[in-house]
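Chemist:
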Amino acid sequence: MFAYTIRRVITGILLLVVMSVVTFYLFYASSTTPERYACGPKCTAAQLETTKKSLGYDEPTYVQWGKFAKGVAVGRTFPDDPELRKAAPQLVQECPAPCLGFSTGYSAPVRSLIQDKLPVSFSLAIAAFVLWMVGGVALGITAALFKGRLLDRAIVGLSLVAFAFPTFFIGLLLLKFVSIRWGLIKLPAYTPLTENPWLWATGMILPAITLAVVYMAGYIRITRAFVLETMSEDYIRTARAKGLNQRTVIGKHTLRAVLTPLVTLSGLDLAGLLGGAIITEQVFNFNGVGKLSVTAIQRFDLPLIVGIVLLVATIVIVANIIVDLLYAVIDPRVRLG
Amino acid sequence: MGTNRKRLVAAAASMVVAVGLAGCGGGGSDSESNSGPSEGAQPERTEATKGGTLYSLEQAVTEHLDPQRVYVGRDISNLGRTVYRSWVTFPAGATTEEEGATPVPDLATDTGTPNEDASQWQFTLKDGPKWQDGQPITCEDFKYGMSRTFATDVITGGPNYILGYLDIPKDSDGSPAYKGPYTGEGQDLYDQAVTCDGNTITYRFNKPWPDFNLAIASLRAFDPYRQDQDQGDKSDLQIFSNGPYKLDGEWNEDTGGTFVRNDQWDGTEDTIRQANPDSIVFQIGIEAETVIDRLIADSGDDANAISTRNITPAQYPQITGDVEARATNIVSPFTNYLLPNFNRITNVKVREALRLATNRAAYSGALGGDKASVPAQSIVNPNVPGYEADSLYSEDGNPDTEGAKQALEESGETLPYPIKLTYPIGSEASDKAFAALKASYDEAGFETTLDGLDPSGPYYDTIQKPGSDSDLIWGGWGADWPSISTVIPPLFDSRINLTKNSNGQDYGNYKSDEVNSAIDAALVEPDIDTANGMWADVNQQLSDDVAYIALDNTKFYYLHGSNVENYVNSTSTSGYPDLGVISLKQ
Amino acid sequence: MSLTTSNLESHGDDDFVDVEPQGESDGKVDVEGRSPLRLAWARFRADKLSMISFYVTALFVIVAISAPILIKLGVLDPQTPDYTLIDYSTGGLPIGWGGGISWSHPLGVEPGIGRDVLSRLWLGATISLSIALSAAIITVIIGTVLGIIAGFSGGLVDSAIGRIIDLVLSFPSTLMLLALSGVVVDRMRDVGVPNGPNGAFVNGFYVVIVLAAFGWPPVARLIRGQVLSIREREFVDAAILMGASRSRIYFKEILPNLWAPLLVYFTLLMPTYVSAEAALSFLNVGIKNPTPTLGNVLNGALPYAYTDFVFFFVPAAVIAAIVISFNLLGDGARDALDPRAAR
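Residue numbers (my numbering), protein chains in the order written: chain A, 25 to 361; chain B, 19 to 604; chain C, 21 to 363.
1) Near residue 308 of chain C, what residues of its chain come up, given a Cβ to Cβ distance below 8 Å and the 5 sequence neighbours on each side ignored?
2) Distance cutoff 7 Å, beta carbons only. Does residue 273 of chain B sit that close to anything in chain A?
3) In its own chain, which residues sit with a C-beta less than 6 Å from the C-beta of residue 500 of chain B, not counting the 5 before and 5 after it?
4) For chain A, find out if any of its Cβ atoms is closer than 7 Å to the Cβ of residue 77 of chain C; answer yes or no.
5) Is the distance from the Cβ of residue 534 of chain B to the Cβ of residue 484 of chain B below 7 Å?
6) Check each residue of the segment 91-125 of chain C: if its Cβ is closer than 8 Å to any Cβ of chain B, include it; give the result in chain order.
7) With distances taken between CB atoms, is the gap from residue 247 of chain B to residue 240 of chain B smaller than 7 Å?
8) Take residue 286 of chain B as the anchor and find which of B:275, B:273, B:262, B:129 has the nearest alpha-carbon.
9) Considering Cα atoms alone, identify which of A:293, A:304, A:337, A:227 is closest to residue 425 of chain A.
10) Measure the alpha-carbon distance for residue 301 of chain C versus residue 200 of chain A and round it to whole angstroms.
11) In the segment 308-331 of chain C, which residues sit with their C-beta less than 9 Å from some C-beta in chain B, listed in chain order?
12) Cβ of residue 133 of chain C less than 7 Å from any chain B Cβ?
13) Under 8 Å by Cβ, that's how I've got residue 221 of chain B and residue 159 of chain B pegged, so tell me the actual separation to the nearest angstrom.
14) Where in the segment 298-341 of chain B do unbroken runs of the alpha helix (DSSP H), each at least 4 residues long, occur, reported from the N-terminal end onward?
15) Please report the residue range of the alpha helix (DSSP H) in which residue 201 of chain A lies.
16) I'd like to know whether the C-beta of residue 46 of chain C is nearer than 7 Å to at least one C-beta of chain A.
17) To the nearest angstrom, how far is the alpha carbon of residue 158 of chain A from that of residue 220 of chain A?
18) Using a C-beta to C-beta distance shorter than 7 Å, which residues of chain A count as neighbours of residue 295 of chain C?
19) Can you find a CB in chain C that lies within less than 7 Å of the CB of residue 515 of chain B?
20) For the beta strand (DSSP E) containing residue 210 of chain B, list its first residue and its last residue.
21) Per DSSP, what kind of secondary structure is residue 195 of chain B in: helix, strand or coil?
22) Between which two residues does the alpha helix (DSSP H) carrying residue 390 of chain B extend?
23) If we call anything under 7 Å between Cβ atoms a contact, is residue 229 of chain C one with residue 247 of chain C?
24) Tell me whether residue 96 of chain A sits in a helix, a strand or coil according to DSSP, three-state version.
25) Residue 157 of chain B by DSSP, collapsed to three states: which one?
26) Excluding five sequence neighbours on each side, which residues of the same chain lie with their C-beta closer than 8 Å to the C-beta of residue 196 of chain C?
27) Note down the Cα distance separating residue 210 of chain B from residue 270 of chain B, rounded to an integer number of angstroms.
28) Scan the segment 297-313 of chain A for residues whose Cβ lies nearer than 7 Å to a Cβ of chain B and list them as they occur along the chain.
29) Measure the C-alpha to C-alpha separation of residue 142 of chain B and residue 227 of chain B and round it to an integer number of angstroms.
30) Does residue 218 of chain C get closer than 7 Å to chain B when you measure Cβ to Cβ?
31) Of all the residues that make up the segment 487-504 of chain B, which are near chain A by a beta-carbon distance shorter than 8 Å?
32) So, does the CB of residue 51 of chain C fall closer than 7 Å to a CB anywhere in chain A?
33) For residue 319 of chain C, collect the residues of the same chain with a Cβ closer than 7 Å to its Cβ; drop the 5 residues on either side in sequence, then sort them by chain order.
34) For the segment 73-133 of chain C, list the alpha helix (DSSP H) runs that are entirely contained and at least 4 residues long, ordered along the chain.
35) Checking contacts by CB at 7 Å: is residue 311 of chain B closer than that to chain A?
36) For the segment 506-573 of chain B, which segments carrying the alpha helix (DSSP H) assignment without a break, of at least 4 residues, lie completely within its bounds, in sequence order?
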């Protein structure tokens, strides 16, 4: 098991390194004039040159990647060009390791920018996760128990309908009617959990519902299918034959069988969300990583974009490793393969 | 505010549920629209009460708070009423065009003394005003503040007229030999051009600058700055106040900040700023629509809120009854126009046909109608002193399609005449507005290709290329200070705009020696009325050449909370809510 | 959140892992010698919901095909403004009930400019479905080719493709779609991709390419799994013994056995990509006005939630109807093709 873990972690790190190279080439090498965006529309030719140098865009992409990688390992100093540092010492900024680069739009280290926003995205992801897991499993089981009846059809049908409408439309509908027009729930806003748990929860509810709706339909269907399948398995039939009542059978046997695949699946879905729910954060004006990335893209803030892409990728890769390891614990055969 | 307009569009365009061009649009209760200048109905003034927390809800994120770098009209006005003072300013709460364009002394003892040809200006500092740490403001602080503008590698984004005006020799590339206080290169040259003698400062220019004090009152670039507080680029979002408020903690670029009272400010000495609320909370980064939805709902703290986001056309039907009483609708300082590309459309008859065919009524209508936009009748905004409606443009903005057809026929070109219309994308309203223009051109015999580009990315890049293949280019402008001298020269003086790689603000590559020399003459004319007459002649020449096609003047359509009193869209703050007079019901 | 692709990935391929190749379906029903395809069709027809979704989907396809013809005939007109239908005193709302509903404008007209909403939606559906169709075809082709190669070659090639799949799946897809648009669209123009009216072509092309570029890995995984199970079968061995070339084995022997899962996957990709196009429009990526897509018509309608609800709701409802009908069709097809999965 130990060897397997090591092997998985090393593969993960290698994957990240390759990712960072690919990302660098996608953005830095394919854009004709990245400094043009950093410098803005009023930029003069001379300013453009300075910007290019101070951001280090004048070097080949692999050199830039090398500097980035070095920055992650040991930190770095901006601007890159030593002459510029000398000429304008007031512009020099330190970026300690692990340095993800220096945002041109915000004039701040990328890592600190992301760190500021992560709690918002994390809160949103967790709140949505709880909603869709609890809601999905509960409704899925209910649907299975009432298989073929009206309630089953209503649950499956409505969840599909909710899923079919675009996320931003659902979000706006909730924001505009439930919150603003009818005033049923206060205007969604982020309050840190440590500051006021009640405000945290109430401010989070509409965006969390919006996100949960996207995932819930799938979880309802999976839960329903698994429950139906396991209920027809022999051990369940045995349990029933033993005279256990319906509730015990579902609670003890079926649910356990259903939860294993759901947990692994949801682990990956959650990981995807932790890096920011772009549309939902945009609709509800939550200053999380998702909204930060939209701002970064609008300003063509390459270092910030690359930083966010790599961060999200790291989360996904780590989650994959965890899920794989969990699998390995459950099913020892995996370790060999 | 030239670039502000750009910024407005850029900011609007960058928002996802965009309101864009109509971002400068609105509608209002009392539209006395056609009376021209923005003396729209102002709510009644009541005895101001002190105290309370005012909220400012905004969409755009902050670009700069550094006085030498701020260039967004709303920020210039807000900061000038709260944390930054200068030699002169415009009176608080002014409602007439004239009052709002007449500087009054602020930190100076008077409104400044020019020499005979206005190539030198002197200001004397009042005794008493302090910085937020209790130290007195000095003449040297003023001198240092302006010097920062010369560090064009660090202090970016702000207006830099001063680089061209101040009497400092130029390098071979045309930039001043003084490189700002950080490198100190050419410091002695600056020290000769700007001198402090006790409390009196003297500015020496290389040409006459008759309205220099208007520039001081309108911009923040001439504000004092304390050298020991200067950290270059790191100071961009810092505020070292000498006004009635100071920044509490740090400013967050995405969410805003809070201003609290500055105990070093003396309200008996500064009689301009009433500073009624105890604190002002700036909440930024909120979608424009949501801002208005919240102001309509008027619940909780939002009753104490103001905003400079326009009510979006989709929300107009909700502005009724007591909501309507909280809305204000005035003509903004911005004018939008089209520039024919003189490198491509050389036939004046074709340009004339374009002007005649332009459906300004439909353009304004698509932006939201008369509460959002009024068809323009000149490139000069009605709020600028010396404005005259050009008889070439009808008041209702309807096109003369028959006249256009005829002009096209006379041009001798083969029809349909293909044109490419380049405009900044960003909102549904702007897309509709340009679709409407296309329809009107196509009807007159053109074959229009719309070319919408992202204003935060390729738009300015593309249109500023002298070899661009656009035939008709959208532009927007607002005067930097209330004078035509900040409208026509920056847009049409080919000497300051056209270079090998860029056409500056002269997107149409217009070049006329006649116009250039007429501009020179008008710029140095000290008498305002004579100068305005000269500007009218220059404008006539531009119209004869069809150097531009006026489109519309956007309007401000603002909403404020029910608890906000003495709300004025002051002419002295460019039509933005005047934080110098606003108070809250207690 | 990803543009719902993640749902497809996660839920989709789990369900497929144990789909049996249709070459040798359950023999017990086969007494009358009916082909598996006809059996599946019979099962499909027996399911009412599947049939309804089939008809609705077919209707959308007809709508999509007919738009250009109807525009040419002048029945639909998505571009011409009609200012007479607009009440400028209200900020540009259409005159009349429900956003200007009338016989000539059954879904009303657009506020501010008076273009016909039905025409714009109709053409928008054509364009959105074309984008989804192109992207889905490319996705399936890339995924199938790489999946077959990986599954059949094994060893180094297999693990190389496996790592590429891991790599692509690790990218935050929504973020990449958004972030790459500026860079890639500029680059596409540089290499001569035609611009189209207001950049419609190059932007649409971009959406197709990137959706496919980030969408293929699940297909490849699915196909690889299928190939692994098929390649052990006798008929492949026989082909190898007879000296058939690699590519012949890949595409002539194995591919025909994969069409069923591919068809189902394809059907489920369509709604995912229709939604993705809408979400990208919301984020200002993709085809811009005046060329309508379902996404940008909806995006333009979003501000009118309070004041013109018909205009606000209809585009979203059309998108939802497409997503639902394609999803149900895909489900029905899967159940019909693989009776064991039927619930």
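Using N, Cα and C, we set each Cβ at its ideal position, and we do this for glycine too.
Predicted, not measured: the structure shown is a model, and the values here were computed from it.
Modeler: This is what the structure gives:
1) Along the third sequence, read from residue 1 onward, the residue named residue 308 of chain C stands at position 288. Taken in chain order, the residues that qualify are 218, 219, 220, 223, 316.
2) What you label residue 273 of chain B is simply residue 255 of the second sequence in a count that begins at 1. At least one chain A Cβ lies under 7 Å of residue 273 of chain B.
3) The residue labelled residue 500 of chain B in the question sits at position 482 within the second sequence. Excluding sequence neighbours, residue 500 of chain B sits near 119, 402, 403.
4) Counting from one through the third sequence, the residue named residue 77 of chain C turns up at place 57. It does not: the Cβ of residue 77 of chain C has no partner Cβ on chain A nearer than 7 Å.
5) Position 516 of the second sequence, counted from the first residue, corresponds to residue 534 of chain B. Position 466 of the second sequence, counted from the first residue, corresponds to residue 484 of chain B. Not closer than 7 Å, so no.
6) From the segment 91-125 of chain C, only 99, 100, 101, 103, 106, 108, 109, 110, 111, 112, 113 have a Cβ closer than 8 Å to chain B.
7) Within the second sequence, residue 247 of chain B is the residue found at index 229, counting from 1. Within the second sequence, residue 240 of chain B is the residue found at index 222, counting from 1. By the CB criterion at 7 Å, residue 247 of chain B and residue 240 of chain B fall outside the cutoff.
8) Here residue 286 of chain B is taken as the residue at index 268 of the second sequence, counted from 1. Looking at the Cα atoms, B:262 is the closest of the given residues.
9) The displayed coordinates of chain A run from 25 to 361. Any statement about residue 425 of chain A would go beyond what the structure contains.
10) Indexing the third sequence from 1 puts residue 301 of chain C at position 281. Indexing the first sequence from 1 puts residue 200 of chain A at position 176. Whole-angstrom Cα-Cα distance: 20 Å.
11) 308, 309, 310, 316, 319, 320, 321, 322, 323, 324, 325, 326, 327, 328
12) On the third sequence, position 113 is the one that residue 133 of chain C refers to. Taking Cβ atoms only, chain B reaches closer than 7 Å to residue 133 of chain C, which makes this a yes.
13) By 1-based counting over the second sequence, the position of residue 221 of chain B is 203. By 1-based counting over the second sequence, the position of residue 159 of chain B is 141. Contact flag wrong, Cβ pair sits at about 15 Å.
14) 306-315
15) Here residue 201 of chain A is taken as the residue at index 177 of the first sequence, counted from 1. Premise fails: residue 201 of chain A is in no alpha helix (DSSP H) and is neither H nor E.
16) Looking up residue 46 of chain C in the third sequence gives position 26. In this prediction, residue 46 of chain C scores a pLDDT of 43, lower than 50, which makes its location untrustworthy; the coordinate-derived value is nonetheless stated afterwards. By this cut-off, residue 46 of chain C is not an interface position.
17) Counting from one through the first sequence, the residue named residue 158 of chain A turns up at place 134. Counting from one through the first sequence, the residue named residue 220 of chain A turns up at place 196. The straight-line gap from Cα to Cα measures roughly 24 Å.
18) On the third sequence, residue 295 of chain C is found 275 positions in, with the first residue counted as 1. Simply 190.
19) The residue you call residue 515 of chain B lines up with position 497 of the second sequence. Judged by the 7 Å Cβ criterion, residue 515 of chain B is not in contact with chain C.
20) Taking the first residue of the second sequence as position 1, residue 210 of chain B is located at position 192. Note, residue 210 of chain B: premise wrong, no beta strand (DSSP E); alpha helix (DSSP H) at 205-211.
21) Taking the first residue of the second sequence as 1, we reach residue 195 of chain B at position 177. Three-state result, residue 195 of chain B: coil.
22) The sequence position of residue 390 of chain B within the second sequence is 372, counting from 1. According to the DSSP assignment, residue 390 of chain B belongs to no alpha helix (DSSP H), since it is labelled neither H nor E.
23) If you number the third sequence from 1, residue 229 of chain C lands on position 209. If you number the third sequence from 1, residue 247 of chain C lands on position 227. No. Outside cutoff.
24) The residue given as residue 96 of chain A occupies position 72 in the first sequence. Helix, per DSSP.
25) On the second sequence, residue 157 of chain B is found 139 positions in, with the first residue counted as 1. The answer is helix: DSSP assigns residue 157 of chain B an H, G or I state.
26) The count along the third sequence starts at 1 and reaches residue 196 of chain C at position 176. If we look at residue 196 of chain C and ignore the five residues flanking it on each side, its Cβ neighbours are 230, 234.
27) The residue labelled residue 210 of chain B in the question sits at position 192 within the second sequence. The residue labelled residue 270 of chain B in the question sits at position 252 within the second sequence. Those two C-alpha atoms are separated by around 39 Å.
28) 306, 309, 311
29) Looking up residue 142 of chain B in the second sequence gives position 124. Looking up residue 227 of chain B in the second sequence gives position 209. Rounded to the nearest angstrom, the two C-alpha atoms are 18 Å apart.
30) Taking the first residue of the third sequence as position 1, residue 218 of chain C is located at position 198. Answer yes: the Cβ-Cβ gap between residue 218 of chain C and chain B drops below 7 Å somewhere.
31) none
32) Translated into positions along the third sequence, residue 51 of chain C becomes position 31. The predicted position of residue 51 of chain C is uncertain, since its pLDDT is 47 and thus under 50; a value taken from the coordinates is nonetheless stated next. With 7 Å as the cut-off, residue 51 of chain C does not count as an interface residue toward chain A.
33) On the third sequence, residue 319 of chain C is found 299 positions in, with the first residue counted as 1. Same-chain partners within the cutoff: 301, 302.
34) none
35) Taking the second sequence and counting its residues from 1, one reaches residue 311 of chain B at position 293. Answer yes: the Cβ-Cβ gap between residue 311 of chain B and chain A drops below 7 Å somewhere.
36) 506-510, 512-515, 531-541, 546-562
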